[in-house]
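Going letter by letter, the sequence shown gives residues 57 to 814 in this note's numbering. Okay, structure first, notes after.
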Amino acid sequence: MYLKSLELSGFKSFAKKAAITFTTPITGVVGPNGSGKSNTAEAFRFVLGEQSIKSLRGKRGEDMIWNGGGDGTSGAGRANRASVKLTFDNRTKLFPAIDFEEVTLERVVHRDNSNEYLLNGSQVRLKDIVELLASAHIGATGHHIISQGEADRILSASIRERREMIEDALGLKIHQWKKTESLRKLERTAENMKQVESLRREIAPHLKFLKKQVEKVEKAELLRCELIELYTEYFAEEEAYLQSEKLRISQALDGPERELASLDRELERAKKILTDSKNKDEKSHEVIELEEKLKSLRGEQDTVVREIGRLEGEINASTRAVAKEEARVKDEGLRIVYLKDVDALVREVESLSQINEVGKLFAAVMDALHGFVARHHTHTDSSFVTGMGEEIARLAAERTKLEQRRGSLASDEARLIQNYEDLKQKIEREKDTNREAEKDVFRIIARQNEVRAVVGTLRSAAAERDRAEESFKRELGEAAAVAGREAVAYASGGDRQPADRRRQSERRMKIERNKIRLEDAGGSGGAEVVKEFKETEERDRFLVNELKDLEAAKAELVKLIADLDARIDYEFRNGIFKINAEFQRFFSLMFGGGRAELVVVREPQRRRRSEAEDLSVMLATGPADMTAAPDHGEPDGDDGPEGLEVNVSLPRKKVKGLMMLSGGERALTSIALLFAVSQVNPPPFIILDETDAALDEANSKKYGDMIENLSKHSQLILITHNRETMSRAGVLYGVTMGSDGASRLLSIAFEEAVNVAK
Ligand code: ATP
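And the structure:
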């Protein structure tokens, strides 16, 4: 027993609150025509969420509301709302998802046609009601509520509708919902996949571009690392070399310089003797004069050498600047030319069209082209190169002059020294008084020559070292600019001993080559590109994963749908098999024999013939053709959706097929089918509104027997005028309608019911 009570208030003819309580397996509802019996059956449909107001015999929701009645004086005024409340006993978990022992569904409709649904007093959505009912096998097609005159609906329905009714009755709807939902999800998944794929397609070219950039950056980075290694090694070596050179030269210079100083002092002393000497002779005078000449000559020699050094430094710097500029100009081939300039060139060439001699025209065009190219070379830059070239030439000329001067000074010196030699020998011969001092001067000058040569070599070595130091400093700056600060973070200091200079110059060359390659590879840097690449790659990876997830979800859905299909198919065929057994049993019980069955057929793809067409076919070819049912049209193939056909043949009668049945026979057949279905998968309750109207006395009895049988599994509410049916009910309700047009409900005894029904 699942139903507890039905409460109507303001619903249709039930102006005032009225209730039926269900205390027995069969409840009968009786009353005269028009008293409101069918309204109670409709109240069931209404509260269970029926959306077709037409099937509730109304046009709008408002038609469900008590609209006043009677002669207008005694009738109650119209109501503002209609409400129906249906209470279930949930102690046996009819609704598995609900923990309460009692479940009350209520639907309210207002005058503005709005609806409210309440579950145990709380507002819910219609969807919740539909799902809840499906879980209790109270289907949406209302196969268990047979309205008045609808008994043979299952027979007159199309094969597809019939299949739907049976599926619903078999409780397959819940699987079908799941399937529909899965199909919808599948569609959404496919859409999402498409979206993700298109997003991936969108970023693919950018990703490819970034990847190439990053490869370039990585290559440059590799070159930069190599360069850093070369630089650090080079700088460490260079620094060690410069330091050791400095030390070596200053140590080497120390002795000779000191010696020169002391020679100077000695010379002064000797000269003083000669100058102070009383018997100063001709020779001493000559010695001093010669010495002074030599001294000034040497002074000038030193100046010239220093000046040559300075010039060499300047020439070096200028040569480097020129080389740099030339390298820059070499890149001019890639210079971008403005379109407006090209346009001007085109106009210029066009203007030459009046020249009609080919040779001249060619020459003129070539002139124009050369002019164009020349105009687009960097004049300022080449003038810089030229200017520098001139400067270098000037410096070189100056240097040559100085070299010459040095040469002539050297020969002057040689001459003076020769003079000395001569003088020295003369003094040796003549043995003058100042001989010793004079000899000293000679000795000192000779020694000075030797020492000065050593010092000169050392000083030019020092100058060369200083220049090397300068370019070392410049290279440090350059390295930091080209390869970053790491390039100048070499191991400084320590006691590194400089090695072979040849290896260092090899390193130098390698560095130059590497620098060019690094510049060709786009230089160092590119952190931004790498970052963007990583981000884009990350996004792509994310999309790939998402795609994988979606694919997995899709596969899962496809499998779920296949499983559901298999399950629906199996349960459907199994259900049909069971229904057929019951159908045959009920049918032969009703008709005393004969055959009846449901047959699964495929709906023809193109179109089906209507029953009227069936009839015309039959009239044309004779009834024998109809025996071949299932026969609504010729199938064009078996790929249409499946439907259900009803095959019947009556005992002792030749005719077969539904069309041949009388009204009563048709009613009996549909009852047999309805009962068979209800027997196989019993719904919690069944409402039958005058299903028994067409039955004669004998069949009413059989109907009564079947009802009793059904009531073992489903609770029955029977609206009837039939005395036999009334006699099977445990409780009877009478519906009456007064002059106010309002229906009333009251529990009555069987005898009373028989009277009321009349
Ligand atoms: P029958 O035995 O002839 O089938 P019944 O007892 O099933 O009759 P119903 O069809 O349930 O009778 O009741 C119909 C009655 O309900 C009609 O008199 C109709 O006027 C009344 N009715 C329907 N809707 C409303 C409404 N909104 N307001 C007032 N009365 C209504």
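Cβ atoms here follow ideal geometry from the backbone N, Cα and C, with glycine treated the same way.
- Not one heavy atom of the ligand ATP lies closer than 7 Å to the C-beta of residue 812.
- Within the same chain, 707 come within 7 Å of residue 649 by CB-CB distance, once the 5 residues on both sides are set aside.
- If you check the C-beta of residue 791 against the ligand ATP, you find a heavy atom less than 7 Å away.
- With contacts defined by Cβ atoms closer than 8 Å, residue 507 and residue 346 do not form a contacting pair.
- Contact annotation: the region 173–184 does not touch the region 708–720, with fewer than three C-beta pairs closer than 8 Å.
- Taking the C-beta atoms as reference points, residue 651 is found nearer than 8 Å to residue 704.
- The three-state secondary structure of residue 777, taken from DSSP, is coil.
- The closest heavy atom of the ligand ATP lies less than 7 Å from the beta carbon of residue 94.
- DSSP lists 61 as the beta-bridge partner residues of residue 77.
- Secondary structure in the region 175–258: the alpha helix (DSSP H) runs of 4 residues or longer, each lying completely within the stretch, are 182–191, 209–212 and 215–225 in chain order.
- Listed in chain order, the non-local C-beta contacts of residue 776 below 7 Å within the same chain comprise 84, 86, 746, 748 and 782, local neighbours out to five positions each way being set aside.
- For residue 141, the enclosing beta strand (DSSP E) starts and ends at 137–145.
- A distance below 7 Å between beta-carbons, with the five flanking residues on each side excluded, links residue 146 to the following residues of its chain, in chain order: 154, 156, 157, 158 and 159.
- Membership of residue 652 in the beta strand (DSSP E) is indicated by the continuous run 651–658.
- The C-alpha of residue 808 lies about 28 Å from the C-alpha of residue 124.
- Shown here, residue 520 sits in a helix according to DSSP, grouped into three states.
- Beta-bridge pairing by DSSP links residue 787 to 83.
- Residue 446 and residue 366 have their C-alpha atoms spaced approximately 18 Å apart.
- Going by C-alpha positions, residue 194 is about 54 Å away from residue 260.
- For residue 87, the CB falls within less than 7 Å of some heavy atom of the ligand ATP.
- Residue 101 places its beta carbon less than 8 Å from that of residue 201.
- If you look at residue 642, you'll find it in the alpha helix (DSSP H) that goes 583–647.
- DSSP links residue 703 through a beta bridge to 653.
- Relative to the non-hydrogen atoms of the ligand ATP, the Cβ of residue 204 comes within a distance shorter than 7 Å of at least one.
- Excluding the 5 residues flanking it on each side, residue 760 has same chain C-beta neighbours closer than 8 Å at 780, 781, 783 and 784, in chain order.
- When C-beta atoms of the region 456–473 are compared with those of the region 347–365, three or more pairs fall below 8 Å, so the two segments count as touching.
- The ligand ATP never approaches residue 168 closely enough for any of its heavy atoms to be under 7 Å from the residue's Cβ.
- Here residue 745 is bridged, per DSSP, to 775.
- Secondary structure of residue 803 (DSSP, three-state): strand.
- DSSP, read as helix, strand or coil, puts residue 148 in coil.
- In this structure the region 567–579 lies against the region 277–291, because at least three pairs of beta carbons, one per stretch, are closer than 8 Å.
- A Cβ-Cβ distance of about 34 Å is found for the pair residue 133 and residue 186, leaving them out of contact under the 8 Å criterion.
- According to the DSSP assignment, residue 721 belongs to the alpha helix (DSSP H) that extends over 719–736.
- Ranked by how close their Cα comes to the Cα of residue 229, the residues 592, 510, 188 and 461 have 188 in first place.
- Setting aside the 5 residues that flank it on each side, residue 723 is surrounded in the same chain by 207 and 750, each with a C-beta closer than 6 Å to its C-beta; the list follows chain order.
- Beta bridge pairing from DSSP links residue 67 with 70 and 121.
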